[in-house]
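Step one of this worksheet: look at the structure below.
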Amino acid sequence: MKELDKQYDPKTVETRWYNIWQEKGYFHGDAAKGGEPYCVVIPPPNVTGILHIGHALNNTIQDILVRWQRMDGKNTVWLPGTDHAGIATQNVVERALRKEGKTRHDLGRDAFVEKVWEWKEEYGGTIIRQLKRLGASCDWERERFTMDKGLSEAVEEVFCRLYDKGLIYRANYITNWCPRCHTALSDEESEHQDTEGKLYYIRYPVKRDGKLMASEFVVVATTRPETLLGDVAVAVSPKDERYKALVGKTLSLPILHRDLPVITDDFVDPAFGTGAVKVTPAHDPNDFEMGQRHKLTPINVMQPDGTMNEDAGPYAGLDRFECRKRIVTDLTAAGLIEKIDVHQHAVGHCYRCDTVVEPRLSLQWFVKMKPLAEPALQAVVDGRVRFVPERWNKVYADWMGNIRDWCISRQIWWGHRIPVFYCDACEHQWAARGKPGQCPKCAATTIRQDEDVLDTWFSSWLWPFSTFGWPNKNPDLALYYPGNTLVTASEIIFFWVARMVMAGIEFMGEVPFKEVYIHGTVRDDKGRKMSKSLGNSIDPLTIIEEYSADALRYSLMMITATGQDVFLSNDKFEIGRNFGTKIWNAARFMQMQDPTGYVRGGPGIDAALLSADDRHILAKLSQAIESCTENLKRYRFNDAAQDLYAFIWHEYCDWYVEYSKDVLYGQNAARRAEVLKVMHYAFSTALRLLHPFMPHLTEELWHGMGYGTDEETIMLAPWPKPLTAELLQWGATSDVVNYVDARHELIRMGRMLRADCSIAPSQKLDYIIKANTPHLADQLKADVSTLTAMLKAKDITIDPAYVPSTAMPSALTPVGALYMPIEGLVDAKAESAKLAKQLEELGGHLERANAKLNNPNFFNKAKPEVVAQFEKSRQELQEKYNKVKRLLEMMG
RNA sequence: GGGUGUUUAGCUCAGUUGGUUAGAGCGCUUGCCUCACAUGCAAGAGGUCACAGGUUCAAGUCCUGUAACGCCCACCA
Numbered sequence: 009m010k011e012l013d014k015q016y017d018p019k020t021v022e023t024r025w026y027n028i029w030q031e032k033g034y035f036h037g038d039a040a041k042g043g044e045p046y047c048v049v050i051p052p053p054n055v056t057g058i059l060h061i062g063h064a065l066n067n068t069i070q071d072i073l074v075r076w077q078r079m080d081g082k083n084t085v086w087l088p089g090t091d092h093a094g095i096a097t098q099n100v101v102e103r104a105l106r107k108e109g110k111t112r113h114d115l116g117r118d119a120f121v122e123k124v125w126e127w128k129e130e131y132g133g134t135i136i137r138q139l140k141r142l143g144a145s146c147d148w149e150r151e152r153f154t155m156d157k158g159l160s161e162a163v164e165e166v167f168c169r170l171y172d173k174g175l176i177y178r179a180n181y182i183t184n185w186c187p188r189c190h191t192a193l194s195d196e197e198s199e200h201q202d203t204e205g206k207l208y209y210i211r212y213p214v215k216r217d218g219k220l221m222a223s224e225f226v227v228v229a230t231t232r233p234e235t236l237l238g239d240v241a242v243a244v245s246p247k248d249e250r251y252k253a254l255v256g257k258t259l260s261l262p263i264l265h266r267d268l269p270v271i272t273d274d275f276v277d278p279a280f281g282t283g284a285v286k287v288t289p290a291h292d293p294n295d296f297e298m299g300q301r302h303k304l305t306p307i308n309v310m311q312p313d314g315t316m317n318e319d320a321g322p323y324a325g326l327d328r329f330e331c332r333k334r335i336v337t338d339l340t341a342a343g344l345i346e347k348i349d350v351h352q353h354a355v356g357h358c359y360r361c362d363t364v365v366e367p368r369l370s371l372q373w374f375v376k377m378k379p380l381a382e383p384a385l386q387a388v389v390d391g392r393v394r395f396v397p398e399r400w401n402k403v404y405a406d407w408m409g410n411i412r413d414w415c416i417s418r419q420i421w422w423g424h425r426i427p428v429f430y431c432d433a434c435e436h437q438w439a440a441r442g443k444p445g446q447c448p449k450c451a452a453t454t455i456r457q458d459e460d461v462l463d464t465w466f467s468s469w470l471w472p473f474s475t476f477g478w479p480n481k482n483p484d485l486a487l488y489y490p491g492n493t494l495v496t497a498s499e500i501i502f503f504w505v506a507r508m509v510m511a512g513i514e515f516m517g518e519v520p521f522k523e524v525y526i527h528g529t530v531r532d533d534k535g536r537k538m539s540k541s542l543g544n545s546i547d548p549l550t551i552i553e554e555y556s557a558d559a560l561r562y563s564l565m566m567i568t569a570t571g572q573d574v575f576l577s578n579d580k581f582e583i584g585r586n587f588g589t590k591i592w593n594a595a596r597f598m599q600m601q602d603p604t605g606y607v608r609g610g611p612g613i614d615a616a617l618l619s620a621d622d623r624h625i626l627a628k629l630s631q632a633i634e635s636c637t638e639n640l641k642r643y644r645f646n647d648a649a650q651d652l653y654a655f656i657w658h659e660y661c662d663w664y665v666e667y668s669k670d671v672l673y674g675q676n677a678a679r680r681a682e683v684l685k686v687m688h689y690a691f692s693t694a695l696r697l698l699h700p701f702m703p704h705l706t707e708e709l710w711h712g713m714g715y716g717t718d719e720e721t722i723m724l725a726p727w728p729k730p731l732t733a734e735l736l737q738w739g740a741t742s743d744v745v746n747y748v749d750a751r752h753e754l755i756r757m758g759r760m761l762r763a764d765c766s767i768a769p770s771q772k773l774d775y776i777i778k779a780n781t782p783h784l785a786d787q788l789k790a791d792v793s794t795l796t797a798m799l800k801a802k803d804i805t806i807d808p809a810y811v812p813s814t815a816m817p818s819a820l821t822p823v824g825a826l827y828m829p830i831e832g833l834v835d836a837k838a839e840s841a842k843l844a845k846q847l848e849e850l851g852g853h854l855e856r857a858n859a860k861l862n863n864p865n866f867f868n869k870a871k872p873e874v875v876a877q878f879e880k881s882r883q884e885l886q887e888k889y890n891k892v893k894r895l896l897e898m899m900g
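To convert a position in the first sequence, counted from 1, into my numbering, add 8.
If you want it as structure tokens, here you go:
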């Protein structure tokens, strides 16, 4: 044991302990040791990422689960790692290149990819270091990266299996295209944002007998006029009488003067716009399908970068938005704009760079999702995977039920290259593991690999098993798969969680985790999502610097209700800091009282020497253990944190320590030793409960107080169990607990009287207590010394027969009546007014209680224990009421 | 358009299967540098539980509807 500093210094303590934990290998799980496994895989942050407050929340929760389960004796692995984040990382490196005035094409593919690896080696570890500073007890020996050799092999394996099964196909299809990232995106990667746009009504001249009619038009409405350059038809509803005569006729496309047939299609809603739709198969998903139905050849008018191509005629080379402006100007000049309306619609934006997504026709790879989705849906329906809170089951099920094929090819360079090869000689196409040297069909060596890379989520969805060495069978995989809980935010249920369930079932034959805990999104105090661009984000490292990692963790847990969004502002972190300080000082107090230190393995608690207070705190401790554990099981971290706060601060510090001072400063050596034993017992147990929340502080105190030797970390100390048998043995019955609770109230009343009479805290007073029952009188008599200290009394008399004088300050307490025999200090008028008010309130409560108990229906229908409860409380109310009434009468 | 969440003290939020007088932290008022802690101690004020119906012996809690705010999903140009 060493003497604790007057001030706790979290900065040095936190990093010191973290390093020790790592060196000793406490974070590592070894499959060879067997036992009951507990496995959590981290949602791998992007290598480009820096820790933001959402990560802090997410990882604190995981760390709490993992530390708790580790203490509870499980063979625990929390598997960490990072995601290569294809587009995001490529963007970062390209941005750096641009500063040198270069593009990735200047370097070429191999050199560019090499450059990204270099970047990754240099900067990719940032978020990992930050997680360590947070105290995350990840098994760092197992750290993985989605482009590791092993994980890349898993990706190839999965691709080949799906390809050979016919679940991967290549097709010319409309996909979400990001003109800035130059790549296709999946549906999930296109984020819809409500935007105020314009709806342009454009006149398409009608041709009759090959001649343009000067004054006859069909008006179509569009939000993207520039796409008219790719129009191949105009469609109307077959039911629309207005256009009946025009069906089959020809229109002239403005500007390009291309002939467009008027066709009918059920897709067209006659009620929207003009009821006539321009058909642009290369630039709109609906139009694409219409085009297929009517065998129309799509005309692509855009380059991959969002500029217009040569098919755009006079607008070739213009950016799509510039082109839009120019076309509107030109159409206006030609008198072909009927009107322009303001129009609210949802526009897709690239989730990586926020550029407006362009639906664009291109050749892409897809995964057929239906066959994978069905068993994954079933797994949630029959409870093999359980979402917490439950409501996410439905969100998941809806997505799974309406699943669409997954576009997995990206036209970028950073990522897993698609393992499909083409033979130039025989045009054979096949998927292969590794690097094939020749065509398996014709043996030609002129083979090419597909240029595209896979969606970054194509490696993430394998994370729960690829990280343990799949596809190779091994002991790690056998023990740690499937994992227990996945902790994540709702934003990536579709991106990641749903796909992991599919992959787990498809490739492992078993779901990847049993429970998915979805925590809330962190928002600022105005309810906005925290983001760098809004400048409203709170940097966890600044908070750690200012308050400590433990304070950050604990505060986050206190204010995060299960599954609810979190509203944050800087001052919230004082909760954790103040709590830490309080605990530190409580420990210092014990040390000061017990300079010889806690005796390890010394004699245990002696039931015969326990006071009511000792029994009370031990019973409360047991309640805290039970409640905290139960709340952790149910992912109610805020309730668990609250349990610990209430126990340590209020029960232990405010009441127990204060009660105990009387003994600690007294002369009874046996009692003194006993109180210290109880204190150490309660405090060391509470430290263990608190460890998952505040790992560094608890470890520092664990050793500072001598609860553990150098080799005995609190991390591996056993998780406390409720003290059911012990409480029995110690005589900590509910009678004792109720008595001490009631005595708390008595003391509060005594202090209240003193405050009411404006008596200085330093002045010692006499009190007279008239107990309700002889039993209570006995209990109180045994505690006179404690009461004297707590009330700062000169003398306390427990007198069952006491009759007070009228002008004496008095109060009613749960154990009886309490009087201060100081005459004349009471303003009789004010006092009786107060009593009258109290009487009125009590009368109201009593009336309600009576009404309830006199209601025959209540007796018939309520549970007997509820009735008993009400009867008891009615009795108490009645007693209290009578007393107040009597007092009031005495006052005159 | 579909789905979903929220509405409780001045502020931020808890409130589990309906059951005594609805809780916490912060802030506020009053008094304390009391020999662990002023990042503290003690006492206190403050709430027709969004609104309207309904079920029930009993509703903050269950049901129906309304309103406001938020989030997710969605190919009406």
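Where is the CB? At the ideal position from N, CA and C, for every residue including glycine. Being a predicted model, the structure only gives us computed values, none of them experimental.
| Check | Outcome |
| --- | --- |
| Kindly indicate which residue of 614, 213 and 882 has the alpha-carbon position closest to the one of residue 859. | 882 |
| Touching or not, the segment 9 to 20 and the segment 586 to 600, by the rule of three or more beta carbon pairs under 8 Å? | yes |
| Assuming residue 752 is part of the alpha helix (DSSP H), what are its boundary residues? | 742 to 764 |
| Which partner residues of residue 153 appear in the DSSP bridge assignment? | 90 |
| To the nearest angstrom, how far is the alpha carbon of residue 503 from that of residue 325? | 35 Å |
| Would you kindly check if the distance between the Cβ of residue 658 and the Cβ of residue 748 is under 8 Å? | no |
| Between the alpha carbons of residue 671 and residue 740, how many angstroms are there, rounded? | 19 Å |
| Using a Cβ-Cβ cut-off of 7 Å (strictly less than) and excluding sequence neighbours within five positions of residue 363, which residues of its own chain qualify? | 186, 187, 188 and 357 |
| Can you tell me where the alpha helix (DSSP H) holding residue 341 begins and where it ends? | 328 to 341 |
| Just to confirm, is the Cβ distance from residue 96 to residue 372 under 8 Å? | no |
| For residue 374, which of helix, strand or coil comes out of DSSP? | strand |
| Taking 6 Å as the limit between beta carbons, can you name the residues of its chain near residue 381, skipping five residues before and five after? | 408 and 411 |
| Let me make sure I understand the geometry here. Which of 420, 424 and 294 has the alpha-carbon closest to that of residue 369? | 294 |
| When you compare only the Cα positions, how much space is there between residue 776 and residue 784? | 14 Å |
| Tell me whether residue 506 is buried or exposed, calling it buried when 16 or more other Cβ atoms sit within 10 Å of its Cβ. | buried |
| Here's the rule I'm using: 16 or more other beta-carbon atoms within 10 Å means buried, otherwise exposed. How should residue 448 be labelled? | exposed |
| Using beta-carbon positions only, say whether residue 669 and residue 797 come within less than 8 Å of one another. | yes |
| Give the single residue among 222, 768, 215 and 235 whose Cα lies nearest to the Cα of residue 256. | 215 |
| Can you check which of these residues, 236, 252 and 273, is closest to residue 266 by C-alpha distance? | 236 |
| I need the DSSP call for residue 653, collapsed to helix, strand or coil. | helix |
| For my contact list, residue 142 and residue 68 are in at a C-beta cut-off of 8 Å; report their separation, rounded to the angstrom. | 7 Å |
| Return the CA-CA distance between residue 152 and residue 87, expressed in angstroms with no decimal places. | 8 Å |
| Pop quiz: residue 272 and residue 244 are said to be a contact at Cβ under 8 Å. What is the actual Cβ separation, rounded to whole angstroms? | 6 Å |
| By the 10 Å Cβ neighbour count, where 16 or more other Cβ atoms means buried, how is residue 92 classified, buried or exposed? | buried |
| Can you check which of these residues, 585, 778, 868 and 719, is closest to residue 829 by C-alpha distance? | 778 |
| Give the C-beta separation of residue 84 and residue 46 to the nearest angstrom, bearing in mind that I take them to be a contact with Cβ-Cβ under 8 Å. | 5 Å |
| By Cβ distance below 8 Å, which residues in the same chain neighbour residue 227 in space, the five residues on each side in sequence not counted? | 209, 210, 211, 212, 282, 284 and 346 |
| Taking contact to mean at least 3 C-beta pairs separated by less than 8 Å, is the segment 304 to 316 in contact with the segment 246 to 260? | no |
| Looking at C-beta atoms only, is the number of pairs between the segment 393 to 405 and the segment 129 to 148 that lie closer than 8 Å three or more? | no |
| At 4 residues or longer, and completely inside the segment 586 to 651: list those alpha helix (DSSP H) runs for me, N to C. | 620 to 641 |
| With a cut-off of 8 Å, do at least 3 Cβ pairs link the segment 728 to 738 to the segment 712 to 720? | no |
| The alpha helix (DSSP H) spanning residue 475 covers which residue range? | First-last for residue 475: undefined, no H or E at that position. |
| Is it buried or exposed, residue 352, if we count other Cβ atoms within 10 angstroms and call 16 or more buried? | exposed |
| Would you report the Cα separation of residue 801 and residue 757, rounded to the nearest angstrom? | 13 Å |
| Report all residues from its chain with a CB closer than 6 Å to the CB of residue 794; omit the five preceding and five following residues, and keep chain order. | 667 and 670 |
| Buried or exposed for residue 418, please, with buried defined as at least 16 other CB atoms from any protein chain shown within 10 angstroms of its CB. | buried |
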